[in-house]
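In this note's numbering, the protein residues as written are 709 to 969.
All C-beta atoms, glycine included, are put in the ideal place defined by N, C-alpha and C.
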């Protein structure tokens, strides 16, 4: 049985089914053991399909209704609906091209994105209602993918930022996300008001707080502090629970999934 995480902020609305996967409870083996959700990391495609079916069964979702993007560490958003059902679900070639942000107001569409240290952002507008996912590595963070997602929800669904709920999922935390000078410069340009997002670690090295950078970006976008739930879990610190590219190199992928019910 897959071991899944959920967020009370979202679950308590009764409007969605959602999950963030761990590495436990699947069929993959070796460094991908066992609940690898990603194609393209050296796993047998049938293992990935089986894992996705197992997760959807455990979460009460339809695996045939998965919609996934081909993630490129950007901030392009795609609004999807019934016409996109199944895109990227069981074949990576059918994923929506060059997309790190997915949005829908169509019930039953299972938005899905994939992670191995990057920051998962999960959104719900309980009034529209509408849901969204954004994938934010350091590039997506400095490009303010979370803000782009909020803007896209406002444009597509009339969402008011003050009513949007957001969850920031497990990711490489400030204790473990080391960056070099080129990335430090990108952070300084993107977040000139928040030098505390970077802690010096040694000559030419810093520790970056991606989760907090995304939380503050969402506050700047108009979300209320009490409408943001942040996971305390670090994917690098917990190799027993999560895949981590930074910790292991060759590794699997977790997934975030959300659907309106």
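{"Query": "Whether residue 672 touches residue 783 by CB criterion (8 Å)", "Result": "Nothing can be reported for residue 672: it is not among the residues displayed for the chain, which extend from 709 to 969."}
{"Query": "Status (buried if at least 16 other CB within 10 Å, exposed otherwise) for residue 900", "Result": "exposed"}
{"Query": "Inter-residue CB distance, residue 970 and residue 812 (contact presumed, cutoff 8 Å)", "Result": "Nothing about residue 970 can be read from this structure; the chain reaches only from 709 to 969."}
{"Query": "First and last residue of the uninterrupted beta strand (DSSP E) at residue 725", "Result": "724 to 729"}
{"Query": "Touching by the beta-carbon criterion (3+ pairs, under 8 Å), the segment 953 to 963 and the segment 907 to 923", "Result": "no"}
{"Query": "Residue 914 - partner residues in DSSP beta bridges", "Result": "887, 908"}
{"Query": "Same chain only: Cβ atoms within 6 Å of residue 755, ignoring 5 sequence neighbours per side", "Result": "735, 736"}
{"Query": "6 Å Cβ shell around residue 869 - same chain, five flanking residues per side excluded", "Result": "858, 929, 930, 931"}
{"Query": "DSSP three-state assignment for residue 850, whether helix, strand or coil", "Result": "helix"}
{"Query": "Among 966, 877, 847, 926, the one whose alpha carbon lies nearest that of residue 916", "Result": "847"}
{"Query": "Exposed unless 16 or more other CB atoms sit within 10 angstroms - verdict on residue 792", "Result": "buried"}
{"Query": "Selection from 968, 860, 871, 772 that minimises the alpha carbon distance to residue 785", "Result": "860"}
{"Query": "Cβ-based burial, residue 878 [other Cβ within 10 Å; buried from 16]", "Result": "buried"}
{"Query": "Limits of the beta strand (DSSP E) - the one that residue 785 falls within", "Result": "785 to 787"}
{"Query": "Distance, residue 912 Cα to residue 794 Cα", "Result": "45 Å"}
{"Query": "Sequence-distant residues of its chain with Cβ nearer than 8 Å to residue 748 (five each side left out)", "Result": "800"}
{"Query": "CA-to-CA distance, residue 790 to residue 894, given in whole angstroms", "Result": "38 Å"}
{"Query": "Sheet register partners of residue 743 (DSSP bridge)", "Result": "Note: residue 743 sits in no beta bridge, so no partner."}
{"Query": "Among 968, 796, 769, 925, nearest to residue 844 - alpha-carbon criterion", "Result": "925"}
{"Query": "Where residue 781 falls: helix, strand or coil (DSSP)", "Result": "coil"}
{"Query": "8 Å Cβ cutoff met for residue 971 and residue 767", "Result": "Here the chain covers residues 709 to 969 and nothing more, so residue 971 does not appear."}
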